[in-house]
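K.L.:
Take any residue in the sequence shown, note its place counting from 1, add 166, and you have its number in the numbering used here.
Every residue, glycine too, gets a C-beta built ideally from N, C-alpha and C.
Structure in structure tokens, see below.
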Amino acid sequence: MTFSSTSTDRLLSIYLALAQYPILRTRIRHRMRKILFERGIIDLQAFETQVRELAVRSQQLEGVRDPLMDEPADIWDLRQSRIREQLTDLVFSRHLSFQEFEKIVDEILKEEGVSNHDLSAPFNPELAPQELIFEQALAIENLPPQDRSRYEARLQESKVVLIRTMISDQLRYINIAKEWFTIADLAEIRRRKIGAGRIGGKAAGMLLALRVLHEVSDADLRTCLAMAESFFLGADLFYSYMSTNNLTHWNDQKYKTEQEMRADYPGILKEFESGQFTPDIVERLQGLLVSVGDKPLIVRSSSLLEDNFGTAFAGKYESVFLPNQGTLQENLDALVRAIGHVYGSTLNPNALLYRRSRGLQDYDERMAVLIQVVEGQPFGRYYFPHAAGVAFSRNLYRWTPQIRREDGFVRLVWGLGTRAVERVGNDYPRLIALSHPLIRPSTAPKSIRHYSQRYVDLIDLEDNQFKTVPIHEVLGARYPLLRYIAEVDEDGYFSQMRTNLVTADPSKLVLTFDELLRRTPFAERMRNILRLLERNYRSPVDLEFTLRIEETDGAPHLRITLLQCRPQSHLQATERVPLPNDLRAEDIAFSSHFIVPQGYIERVDYLVFVPPEVYFALPSFSARRELARMVGRLNAALEEEKFLCLGPGRWGSSNPELGVPIEYGDIYNARALVELAGQQYGLEPEPSLGTHFFQDLLEAQIYPLAVCVGDGDTLFNRALFYETPNCLAQWIKVEKHLTNALRLIRVADYRQGHFLRVVMDDEQNHAVAYLVKEE
Numbered sequence: 167m168t169f170s171s172t173s174t175d176r177l178l179s180i181y182l183a184l185a186q187y188p189i190l191r192t193r194i195r196h197r198m199r200k201i202l203f204e205r206g207i208i209d210l211q212a213f214e215t216q217v218r219e220l221a222v223r224s225q226q227l228e229g230v231r232d233p234l235m236d237e238p239a240d241i242w243d244l245r246q247s248r249i250r251e252q253l254t255d256l257v258f259s260r261h262l263s264f265q266e267f268e269k270i271v272d273e274i275l276k277e278e279g280v281s282n283h284d285l286s287a288p289f290n291p292e293l294a295p296q297e298l299i300f301e302q303a304l305a306i307e308n309l310p311p312q313d314r315s316r317y318e319a320r321l322q323e324s325k326v327v328l329i330r331t332m333i334s335d336q337l338r339y340i341n342i343a344k345e346w347f348t349i350a351d352l353a354e355i356r357r358r359k360i361g362a363g364r365i366g367g368k369a370a371g372m373l374l375a376l377r378v379l380h381e382v383s384d385a386d387l388r389t390c391l392a393m394a395e396s397f398f399l400g401a402d403l404f405y406s407y408m409s410t411n412n413l414t415h416w417n418d419q420k421y422k423t424e425q426e427m428r429a430d431y432p433g434i435l436k437e438f439e440s441g442q443f444t445p446d447i448v449e450r451l452q453g454l455l456v457s458v459g460d461k462p463l464i465v466r467s468s469s470l471l472e473d474n475f476g477t478a479f480a481g482k483y484e485s486v487f488l489p490n491q492g493t494l495q496e497n498l499d500a501l502v503r504a505i506g507h508v509y510g511s512t513l514n515p516n517a518l519l520y521r522r523s524r525g526l527q528d529y530d531e532r533m534a535v536l537i538q539v540v541e542g543q544p545f546g547r548y549y550f551p552h553a554a555g556v557a558f559s560r561n562l563y564r565w566t567p568q569i570r571r572e573d574g575f576v577r578l579v580w581g582l583g584t585r586a587v588e589r590v591g592n593d594y595p596r597l598i599a600l601s602h603p604l605i606r607p608s609t610a611p612k613s614i615r616h617y618s619q620r621y622v623d624l625i626d627l628e629d630n631q632f633k634t635v636p637i638h639e640v641l642g643a644r645y646p647l648l649r650y651i652a653e654v655d656e657d658g659y660f661s662q663m664r665t666n667l668v669t670a671d672p673s674k675l676v677l678t679f680d681e682l683l684r685r686t687p688f689a690e691r692m693r694n695i696l697r698l699l700e701r702n703y704r705s706p707v708d709l710e711f712t713l714r715i716e717e718t719d720g721a722p723h724l725r726i727t728l729l730q731c732r733p734q735s736h737l738q739a740t741e742r743v744p745l746p747n748d749l750r751a752e753d754i755a756f757s758s759h760f761i762v763p764q765g766y767i768e769r770v771d772y773l774v775f776v777p778p779e780v781y782f783a784l785p786s787f788s789a790r791r792e793l794a795r796m797v798g799r800l801n802a803a804l805e806e807e808k809f810l811c812l813g814p815g816r817w818g819s820s821n822p823e824l825g826v827p828i829e830y831g832d833i834y835n836a837r838a839l840v841e842l843a844g845q846q847y848g849l850e851p852e853p854s855l856g857t858h859f860f861q862d863l864l865e866a867q868i869y870p871l872a873v874c875v876g877d878g879d880t881l882f883n884r885a886l887f888y889e890t891p892n893c894l895a896q897w898i899k900v901e902k903h904l905t906n907a908l909r910l911i912r913v914a915d916y917r918q919g920h921f922l923r924v925v926m927d928d929e930q931n932h933a934v935a936y937l938v939k940e941e
């Protein structure tokens, strides 16, 4: 008989729990066997046959050569008794949950007249069944204040054990969470949890943020906060699922080469999506669907490391929207398939390479799952929220000096929030600096329209599908909140709408969200939420949210639903180096004045350069994706070198037509990622603040920069990038048809005995990379 890691953990938990009941454990095991027999998991005869076989095998191991003559009957009976106990624990842990075991213990204790509320009795929460921990802790929590103080230490210990076993074992999280969660909070989490194990980082962050805000918010802020209806799949189900569906042979995937990972991944996803759960879990999932009805759902990753301090895993794992508009069986099949897809994404090459680069490759990264009802409202055949986005308590990139870093910023979109966190390439969210919400990066009407949202992500209830559609196919005069999110482009200026009775061509509607910012306290509420969370997390935070606007007698009221909260990724502070003021133009590699961060790169020896005209001349998207993979191979080869990447358009775009479609695993060793824009170079640079891709760059300490070639104040040294010999073939094998599409420039080949230095000053919004002579 083989056992998964999950059943092994249950076996250990059962063993430790039984150790607390030296007299009653015989009765407990007898009841365990009775349940095994009654449920048909194993019959009595088969069980006893196995006991005898294992007992004979144990005699051989202990050197008993003649079982009938060498061992007295009483020793043989003792041997069988001990084997029977071990086999009981093994079979029970393989087929039934630890909660079932706890029920048995609780029943027998009650039969004995033992009160679990006897607080004077010796008690070790580290070993006790979870049911007993909850009962004792709730009893303490419900005591009058004058009686409770003497048991406060025990309550704190019980709380920490429950947080560590149910939610997260990350110490920085536990140190904060133990101050806020009550036992009643933890009991509610347990009620909504399916399967054993922790609920993972994404769920943990959301729950803690809501608990903190519930305690420290004023009445106005508290009334506008909400939590999406949520359910949790414990992380131990991940290994049970792999074991049940013969997927454990993929466990070594994290030790393979990048090429092997990428080649295997499509097949891995198919195998995981076709898996099934055991009948008891299927029954629980079906009950979940019955309880939520036909509301759309989202199945979200919530791995053990996700959303922790220093390891956000932003966008590394999958989330799946489920419209949930079919029959119960169709919805159940879709839910199981979506969970399998999220499980499979644990082996996404970008996630595995991220773990490798962060020194987390050997961590036991189990995947829990967060299932949430999608926040939104129906509008015709579509379902989506009034707005959604991502908010950051620290604004690391300011487009004007008056913007205050400490007030944070928001990326806001109409519809589902996916377009706020992904760099979709053909669209723009509204960027809001919360200290000055109406100040834009550019105030020119043409730029406002250009940097506005063109597509909306939503759920089509009739087609039972998640879709992306042009906003003007949905947005119109009938939309009840039109005046809060849109304005009319009147040939060069924008007019506000006081009512929805507009006759403008829908194509002239531009999503600006200006009236939302003028007429509601949205910016103030978000500032307060972020400030309170940062103070109590003792760290800057970022969070995902949805927004609902409810009107009463014409007055707007906001409802903000928190979906996720985690520590905010940031660039580490470097020494503030002044910009050199005596540089010659021929000594400058490039300069920039587009949303520059504060930072300093002491030395750069290599430049990875994708020539824009060659890139855009590549004949197909597949060739451009092949180029991105070649950049990834070069990134691995240059692991010990100091290099920058420069290329056209938007690095990391999902659309190869707009820029090099690299992923985190292709560039994580670079020191900076420079996007070239301008005529024949690429699209206007996009402020990618707050996207998952942007968060990756910050975590990896990669500076994002944009160079608008051709702008009056911008310099770009073509001779350095185009005339210096290409040394790419010295580092990696070069595909013949991509020979000219990727250049590796050794700075010393351009000017012997020199390297590049990069200085960035956010106050002056100026960055410059310049040649420095070796000393």
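1. I'd like to know whether the C-beta atoms of Glu424 and Gly813 end up nearer to each other than 8 Å.
2. Using beta carbons (cut-off 8 Å, strictly below), is Glu752 in contact with chain D?
3. Check each candidate in Leu842, Val743, Leu698 and name the one with the smallest Cα separation from Glu779.
4. Is it the case that the stretch 747-763 contacts the stretch 361-373, given that we only count it when at least three CB pairs across the two stretches are under 8 Å?
5. For Tyr407, I'd like the list of residues in its chain whose CB is within less than 7 Å of its CB, leaving aside the five on either flank, ordered along the chain.
6. Report yes if the CB atom of Leu513 is closer than 8 Å to the CB atom of Ala401, and no otherwise.
7. Name the two residues that bound the continuous alpha helix (DSSP H) containing Tyr405.
8. Spatial neighbours of Glu237 within its chain, please: CB distance less than 8 Å, with the 5 preceding and 5 following residues excluded, ordered by chain position.
9. Taking the continuous alpha helix (DSSP H) assigned at Pro144, which residues delimit it?
10. Closer than 7 Å by C-beta to Glu268: which residues in its own chain qualify, once you throw out the five before and the five after it? Chain order, please.
11. With DSSP as the reference, please indicate the residues paired to Gly555 in a beta bridge.
12. For Leu210 versus Ile194, is the C-beta spacing smaller than 8 Å?
13. Does DSSP classify Met926 as helix, strand or coil?
14. What are the boundary residues of the alpha helix (DSSP H) that includes Ala914?
15. Report the residue from Thr905, Phe887, Val840 whose alpha carbon sits nearest the alpha carbon of Met926.
16. From Ala866 to Phe809, what does the alpha carbon distance come to, in whole angstroms?
17. Tell me the residue span of the beta strand (DSSP E) that contains Arg596.
18. Rank Val635, Phe632, Gln619, Asn630 by C-alpha distance to the C-alpha of Glu653 and give the top, closest one.
19. What are the partner residues of His932, as DSSP defines its beta bridges?
20. Within its chain, find whatever has a CB closer than 6 Å to the CB of Ser179; leave out the 5 residues flanking it on each side and keep chain order.
21. Using the C-alpha atoms, what's the distance from Arg725 back to Glu717?
22. Can the beta-carbon of Lys461 be found less than 8 Å from the beta-carbon of Asn490?
23. What are the boundary residues of the alpha helix (DSSP H) that includes Pro611?
24. Please classify Pro853 as buried or exposed, where buried requires at least 16 neighbouring CB atoms within 10 angstroms.
25. Restricting to runs no shorter than 3 residues, where is the beta strand (DSSP E) found entirely within the stretch 632-703?
26. Exposed or buried, Asp530, counting other C-beta atoms within 10 Å across all chains shown (16 or more means buried)?
27. Taking just the CA atoms, how far does Lys276 sit from Gly856?
28. Could you please give the first and the last residue of the uninterrupted beta strand (DSSP E) stretch that includes Val873?
29. Once DSSP output is grouped into helix, strand and coil, what is the label at Gly844?
30. Would Phe397 and Ala353 be called neighbours here (beta carbons separated by less than 8 Å)?
31. Determine the contact status of Ser757 and Val934, defining contact as a CB-CB distance below 8 Å.
32. On a CA-only basis, which of Ile911, Glu929, Asp928, Gln930 is nearest Thr921? Give me that one, please.
33. So Leu604 packs on Leu683, CB below 8 Å; how close in whole Å?
34. Using alpha carbons as the reference points, say which of Tyr916, Val873, Thr880, Val900 lies closest to Tyr888.
35. Straight-line CA distance for Arg364 to Gly798?
36. Please report the distance separating the alpha-carbon of Gly642 from that of Leu824.
P.N.:
Judging by the given coordinates:
1. It is not a contact, given that the beta carbons lie outside the stated cut-off.
2. Considering every chain present, this structure includes no chain D. It has just one protein chain.
3. Its Cα nearest to that of Glu779, the residue Leu842 stands out among Leu842, Val743, Leu698.
4. Judged by Cβ distances under 8 Å, the stretch 361-373 makes no contact with the stretch 747-763, as fewer than three pairs qualify.
5. Gly441, Phe443, Tyr509, listed in sequence order.
6. Cβ distance not < 8 Å, so Leu513 and Ala401 don't count as in contact.
7. Taken as a continuous stretch (DSSP letters only), the alpha helix (DSSP H) holding Tyr405 covers 402-410.
8. A distance below 8 Å between beta-carbons, with the five flanking residues on each side excluded, links Glu237 to the following residues of its chain, in chain order: Gln225, Val230, Arg245.
9. The chain is shown from 167 up to 941; residue 144 falls before or after that span and cannot be answered.
10. Here the set comprises Pro295, Gln296, Glu297.
11. The partner list for Gly555 (beta bridge, DSSP) reads Leu578, Phe711.
12. For Leu210 and Ile194, no; Cβs fall outside 8 Å.
13. Here Met926 sits in strand by DSSP.
14. 913-916 is the span of the alpha helix (DSSP H), which, as asked, contains Ala914.
15. Ranking Thr905, Phe887, Val840 by Cα distance to Met926 puts Val840 first.
16. For the pair Ala866 and Phe809, the Cα-to-Cα distance works out to about 14 Å.
17. Residues 596-599.
18. Comparing Cα-Cα distances from Glu653 to each of Val635, Phe632, Gln619, Asn630, the minimum goes to Gln619.
19. His932 pairs with Asp927.
20. Answer for Ser179: Phe264, listed in chain order.
21. C-alpha separation (whole angstroms): 11 Å.
22. For Lys461 and Asn490, yes; Cβs fall inside 8 Å.
23. Where Pro611 is concerned, the enclosing alpha helix (DSSP H) stretches over 611-616.
24. With a pLDDT of only 46 at Pro853, under 50, the local geometry of the prediction cannot be trusted, and no value is derived from it.
25. If one requires a minimum length of 3 residues, the beta strand (DSSP E) runs lying completely within the stretch 632-703 are 652-655, 675-677, in chain order.
26. The residue is exposed, with fewer than 16 neighbouring Cβ atoms inside 10 Å.
27. Low per-residue confidence applies at Gly856: pLDDT is 44, beneath 50, and the placement is therefore not dependable, though the value from the model is reported in the following sentence. Straight-line Cα distance between these residues: approximately 54 Å.
28. Per DSSP, Val873 belongs to the beta strand (DSSP E) from 869-874.
29. Here Gly844 sits in strand by DSSP.
30. No.
31. Yes, these two residues count as a Cβ contact at 8 Å.
32. Inspection of the sequence shows that residue 921 is occupied by Phe rather than by Thr. Minimum Cα distance to Phe921 is reached at Ile911.
33. Their Cβ separation, rounded to whole angstroms, is 6 Å, which keeps Leu604 and Leu683 in contact under 8 Å.
34. Scanning Tyr916, Val873, Thr880, Val900 for the CA closest to the CA of Tyr888 turns up Tyr916.
35. Arg364 and Gly798 have their alpha carbons spaced roughly 34 Å apart.
36. It is roughly 29 Å from the alpha-carbon of Gly642 to the alpha-carbon of Leu824.
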